[in-house]
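**Student:**
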Amino acid sequence: MPLLSVEDLRVELATRGGMVPVVDALSLHVEPGETLSIVGESGSGKSMTALAIMGLLPRIGHIAKGRILFEGQDLTQMEDSALRDIRGNQIGMIFQEPMTSLNPVYTVGEQIAEVLRRHQGLSQTDAWSRAIELLDAVHIPNSRRRAATYPHEMSGGQRQRVMIAMALACQPKILIADEPTTALDVTVQAEIFDLMRELSREMQTATILITHDMGVVAEMADRIVVMLKGEKVDGGRVHDLLQNPQHSYTKSLIASVPHLTSETLDTTARTDEHDTPLLRVRDLTVQFPVKKGFGKREMFTAVNGISFDIAKGKTLALVGESGSGKTTAALAVARLVDAQSGEITLDGTDVLALEGEALRRARAKVQVIFQDPYSSLNPRLRAGAIVSEPLDNLGTYPVTDRPARAAELFEQVGLTPDQMNLFPHQFSGGQRQRIGIARALATNPSLIICDEAVSALDVIIQAQILDLLKDLQRDLDLTYLFISHDLGVVQQMCDDVAVMYMGDIVERGTRNAVFADPKQDYTRRLLAAVPSIERAQHKLGLDQPI
Amino acid sequence: MSENTVIKARSPFAEAFGMFRRNHAAMAGLFMLFLIGGIAIFGPMIYPGNPFDMVWVPFTPPGQEGYLLGTDYLGRDLLSMLIHGARVTLTVGLAAAFVTVTIGITVGALAGFYRGWVEEILMRLTEFFQVLPTLLFSMVIVALFGASLLMITIAIGLVSWPAVARITRAEFLRIRELEYVKAARAGGVRDNRLIFGVILPNALPPIIVQAALMVGSAILFEAGLSFLGLTDPNVASWGQIIGSNRQYILDASYTVTVPGIAIFITVLAVSLVGDGLNDALNPKLRER
């Protein structure tokens, strides 16, 4: 008998337009000790499935049909109080956002001990010492002391470890992990996965891992369920599915994962070293004042004297983890953040010397494509107005030509001009990112900064946007400064790579040099941490590449 | 998924209005406000006569001798005073709220947008006004510059803007870091348009709510000042009716109760509308 089986589940949400099914006709089962992965893009119903199993559906949602059997008991028919005993005790859950899933006013030790007291009836002191053992188990160093710290005193990775400790406190039979590493850096993600693997082996816990990342699935899961628009479209053992995906959606999901290959890629003609670069950055330093107590200020160095060049028509990627200073450096180039010292020369212009009206005019030459397709467009403006905003303000086109130019931009990014009258919220995430790209192209800039431009998109959409960026670069001879934490994406997009760590560029070189033969330890660690289908295939003994 | 799942996208304004319309309390408040506004505008035409005319014996109880609400200590028709007073009271409420919002938005927007020393100075100024005893300070202004309606309005505005300034600044601090504002800067948008054209429209919802509630508290404030005698005796505001009759509160309580009820109903209506706006404009409260 499987540990958990979901039979013909249908979950509906009450919206203004009536009852909307978000999960439909879903069946799956989990055997003791195995890892089942539910894969799908945002809105596919994968998180709703997890919440339905936990009995934690939002108030507007309910289970319309189907059964959820846990060790033979139907969870959908259970009283709330009985369900509470199972939840947290037999089925544990960890969430995506380690910043908000811990209570900020209690120490982490108290929060773990609380779970133990409630579910296992341990005494205060027993619960506390067990909490310390659990912190040890999730490899928090100095656990005795760290138990008495508050969540904000820990890093994101440590907080996620605490969440895992809490979820495993009662040795549940199943652990549900909903995108547990999406908010974390790639090296931290690798550590968390190692930990989850180790613990599930030791405690014989079955895991339901919910993710959008096929690479993660390939490395972690035993079996997969692929969901699309609330329905299961594919499923099976990882081995079979990777080798022989049935559904076309699964195929495109696997195909759109950026591949990290170690072999040397096609060597396009390198720029001559003696060419004057389009963008030349020397010793760029950016500091922020940080308040330290009353009236005291200290400077925090976000970017520490970095130098790089980009040749015209090329792409340089600045890669690094959160806090490495890559975005700050790029925004300093765009003069959206003030630099303390250094030199930035774009097309012969001293960028840092520009002031006032001259600076405003010069903004036409550097444009930015932002990360978040939801906050990067003004919700009060129509799409057409958003794209014409730089045209109107920088006046690079005569007034009479502007509507035609805006329409042309819409077509260039794969939208239609009749969509110009819609508001941003009427577009999908991918379409919104296209609007952002059209806006960046509007003034014919010499340099476009892509600040994590595809990080917030589903993987299939991400592949489409990357293709669009590459097409535009070829057609319009664009130069990109590409900021990303995702090495797979970087390898697809860029000619040169600069790896940033704690405000410094630690390694710089051509794509082939950095990916095939990294010189620095940090770069090697970064590369090793990327989940990859290839490595998983290797592990599974599959010979043919996908 | 089935075909009935198509969710029609509506403009943010239409969505907020739909939300507001489903809120029965808020709609009732809006209805009361329309009624009071109608009385203020058309009342004097339907019930003509100078409210300051001494028409009958003082202290005629309500309903007697054809005077629906009775007469006050000088024998003036209370109903007539109440109808004419509606205009004055509503005008003071709206004008004071306008002054409040104008000062508050300007200070809050500049502080939140420019940060640095501009923010330091403006926020210290805001705190200065916030710690002043409001009633006392407005009494001083009215006492110094004369008890005209204009002065009272300005006085109310001067003591109540800090709340609006703080809300505006908080919204500006949040919105100025959003990517579309950075995008607008990269697109060469000038500072004044960034403040008033890009950030302010997106910061408006909580400010509108505050402004609506401000109308109610301005009406109460005016009534308070009038009760203390700091008002123009030649203008019949509801507060002024209460103020001038307060000596007779024990002998003819209706002279104070009647305008009191009118103030109560108006402020209640404004608050209901303000709460409704808050629910409708605050996306976090949606779909509850």
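So the sequence lines, in the order shown, correspond to chains A and B.
Read in order, the letters of the first sequence are residues 136 to 681 in this note's numbering.
Read in order, the letters of the second sequence are residues 946 to 1233 in this note's numbering.
Note that beta-carbon positions come from the ideal geometry of N, C-alpha and C, so glycine has one too.
The model shown is predicted, which means the values in this text are computed figures rather than measured ones.
Could you check where the beta strand (DSSP E) with residue 162/A kicks off and where it finishes?
**Tutor:** Translated into positions along the first sequence, residue 162/A becomes position 27. Run containing residue 162/A: 153-165, per the beta strand (DSSP E) assignment.
**Student:** What does the alpha-carbon distance come out to for the pair residue 927/B and residue 1020/B?
**Tutor:** Residue coverage of chain B in this structure runs from 946 to 1233, which leaves residue 927/B outside it and unanswerable.
**Student:** Classify residue 516/A as buried or exposed, calling it buried when 16 or more other Cβ atoms lie within 10 Å of its own Cβ.
**Tutor:** Working through the first sequence from its first residue, we reach residue 516/A at position 381. It counts as buried.
**Student:** So for residue 200/A, helix, strand or coil by DSSP?
**Tutor:** By 1-based counting over the first sequence, the position of residue 200/A is 65. Note: residue 200/A maps to strand in three-state DSSP.
**Student:** Roughly how many angstroms lie between the CA atoms of residue 225/A and residue 166/A, to the nearest whole one?
**Tutor:** By one-based count along the first sequence, residue 225/A stands at place 90. By one-based count along the first sequence, residue 166/A stands at place 31. One C-alpha to the other measures close to 14 Å.
**Student:** Determine the DSSP secondary structure at residue 433/A, reduced to helix, strand or coil.
**Tutor:** Numbered from its first residue, the first sequence carries residue 433/A at position 298. Strand.
**Student:** If you draw a straight line from the alpha carbon of residue 154/A to that of residue 161/A, how long is it in whole angstroms?
**Tutor:** Taking the first sequence and counting its residues from 1, one reaches residue 154/A at position 19. Taking the first sequence and counting its residues from 1, one reaches residue 161/A at position 26. If you take the alpha carbons of residue 154/A and residue 161/A, they lie about 17 Å apart.
**Student:** Since residue 1125/B meets chain A, which of its residues come closer than 7 Å, beta carbon to beta carbon?
**Tutor:** The count along the second sequence starts at 1 and reaches residue 1125/B at position 180. Within chain A, the residues near residue 1125/B are 510, 511, 512, 513.
**Student:** If you run the structure through DSSP and keep just helix, strand and coil, what is residue 123/A?
**Tutor:** The displayed coordinates of chain A run from 136 to 681. Any statement about residue 123/A would go beyond what the structure contains.
**Student:** Tell me the DSSP secondary structure of residue 1140/B in three-state form.
**Tutor:** By 1-based counting over the second sequence, the position of residue 1140/B is 195. It is helical.
**Student:** To the nearest angstrom, how far is the alpha carbon of residue 607/A from that of residue 579/A?
**Tutor:** By one-based count along the first sequence, residue 607/A stands at place 472. By one-based count along the first sequence, residue 579/A stands at place 444. Answer to the nearest angstrom: the Cα atoms are 12 Å apart.
**Student:** May I ask you to report which of helix, strand or coil DSSP gives residue 681/A?
**Tutor:** Translated into the one-based positions of the first sequence, residue 681/A becomes position 546. Because residue 681/A sits at a pLDDT of 45, beneath the cut-off of 50, its placement in the model cannot be relied upon, and the following sentence gives the value as read from the coordinates. Here residue 681/A sits in coil by DSSP.
**Student:** In its own chain, which residues sit with a C-beta less than 7 Å from the C-beta of residue 971/B, not counting the 5 before and 5 after it?
**Tutor:** Within the second sequence, the letter at position 26 stands for residue 971/B. Around residue 971/B: 965, 1217, 1218, 1220, 1221.
**Student:** Got a sec: which bits of the region 517-549 of chain A sit with their beta carbon under 7 Å from any beta carbon on chain B, in order along the chain?
**Tutor:** The residues in question are 524, 525, 528, 529.
**Student:** Checking 8 Å against the spacing of the C-beta atoms, do residue 223/A and residue 250/A come in under that value?
**Tutor:** Translated into positions along the first sequence, residue 223/A becomes position 88. Translated into positions along the first sequence, residue 250/A becomes position 115. Cβ atoms of residue 223/A and residue 250/A: closer than 8 Å.
**Student:** Find the nearest neighbour of residue 484/A within the set 204/A, 518/A, 414/A, 633/A, judged by alpha-carbon distance.
**Tutor:** The residue labelled residue 484/A in the question sits at position 349 within the first sequence. It is 414/A whose Cα lies nearest to the Cα of residue 484/A.
**Student:** With 8 Å set as the bound, which would you pick, yes or no: does the beta-carbon of residue 925/B sit closer than that to a beta-carbon of chain A?
**Tutor:** Residue 925/B cannot be examined here, being either before or after the span of chain B that is shown, 946 to 1233.
**Student:** Since residue 505/A is in the beta strand (DSSP E), which residue starts that stretch and which ends it?
**Tutor:** The residue you call residue 505/A lines up with position 370 of the first sequence. Element bounds for residue 505/A: n/a, residue is neither H nor E.
**Student:** What residues of chain A sit near residue 1146/B, judged by a beta carbon separation below 8 Å?
**Tutor:** Taking the first residue of the second sequence as 1, we reach residue 1146/B at position 201. The answer, in chain order, is 515.
**Student:** Provide the residue span of the beta strand (DSSP E) that contains residue 367/A, from first to last.
**Tutor:** Numbered from its first residue, the first sequence carries residue 367/A at position 232. Here the beta strand (DSSP E) through residue 367/A covers 366-372.
**Student:** Which one of 1089/B, 1195/B, 1186/B, 1225/B has the shortest CA to CA distance from residue 1207/B?
**Tutor:** Taking the first residue of the second sequence as position 1, residue 1207/B is located at position 262. Residue 1186/B is the option with its Cα nearest to residue 1207/B.
**Student:** Cβ closer than 8 Å: which chain B residues qualify as neighbours of residue 502/A?
**Tutor:** For the purposes of this step, residue 502/A is identified with residue 367 of the first sequence, where counting begins at 1. In chain order: 1131, 1132.
**Student:** With C-beta atoms as the reference, is residue 1133/B less than 8 Å away from residue 574/A?
**Tutor:** Residue numbering aside, residue 1133/B sits at position 188 when the second sequence is read from its first letter. Residue numbering aside, residue 574/A sits at position 439 when the first sequence is read from its first letter. Not a contact, by the Cβ cut-off of 8 Å.
**Student:** Output needed in chain order: residues of the region 456-474 of chain A with a Cβ under 9 Å from some Cβ in chain B.
**Tutor:** So the list reads 466, 469, 470, 471, given in the order they occur along the chain.
**Student:** Quick check: the Cα distance between residue 1167/B and residue 420/A, rounded to an integer number of angstroms?
**Tutor:** To locate residue 1167/B, count along the second sequence from 1; it is residue 222. To locate residue 420/A, count along the first sequence from 1; it is residue 285. Near 56 Å, if we compare the C-alpha coordinates of residue 420/A and residue 1167/B.
**Student:** According to DSSP, is residue 961/B part of a helix, a strand, or is it coil?
**Tutor:** Here the question's residue 961/B lines up with position 16 in the second sequence. Correct three-state label for residue 961/B: helix.
**Student:** Looking at chain A, is there any beta carbon in it that lies within less than 8 Å of the beta carbon of residue 1121/B?
**Tutor:** In the second sequence, residue 1121/B corresponds to position 176, counting from 1. So, not an interface residue.
**Student:** Cβ atoms of residue 1045/B and residue 1083/B: under 8 Å apart, would you say?
**Tutor:** The residue you call residue 1083/B lines up with position 138 of the second sequence. The residue you call residue 1045/B lines up with position 100 of the second sequence. It is not a contact, given that the beta carbons lie outside the stated cut-off.
**Student:** Hey, is residue 588/A's beta-carbon within less than 8 Å of any beta-carbon in chain B?
**Tutor:** Reading the first sequence from its first residue, position 453 is the one you call residue 588/A. Judged by the 8 Å Cβ criterion, residue 588/A is not in contact with chain B.
**Student:** Going by C-alpha distance, which of 1209/B, 1034/B, 1199/B, 1059/B is nearest residue 1022/B?
**Tutor:** Here residue 1022/B refers to the residue found at position 77 when the second sequence is read from its first residue. Among 1209/B, 1034/B, 1199/B, 1059/B, the Cα nearest to that of residue 1022/B is on 1199/B.
**Student:** In the DSSP assignment, what residue or residues form a beta bridge with residue 346/A?
**Tutor:** Looking up residue 346/A in the first sequence gives position 211. Residue 346/A is bridged to 174/A.
**Student:** For residue 358/A, list the residues DSSP reports as bridge partners.
**Tutor:** Here residue 358/A refers to the residue found at position 223 of the first sequence. The partner list for residue 358/A (beta bridge, DSSP) reads 171/A, 372/A.
**Student:** Please report the distance separating the alpha-carbon of residue 1179/B from that of residue 1030/B.
**Tutor:** By one-based count along the second sequence, residue 1179/B stands at place 234. By one-based count along the second sequence, residue 1030/B stands at place 85. In a straight line, the C-alpha of residue 1179/B is about 11 Å away from that of residue 1030/B.
**Student:** With a threshold of 8 Å between beta carbons, is residue 573/A in contact with chain B?
**Tutor:** The residue you call residue 573/A lines up with position 438 of the first sequence. By this cut-off, residue 573/A is not an interface position.
**Student:** What are the start and end residues of the beta strand (DSSP E) that includes residue 309/A?
**Tutor:** Position 174 of the first sequence, counting from 1, holds the residue named residue 309/A. Where residue 309/A is concerned, the enclosing beta strand (DSSP E) stretches over 309-313.
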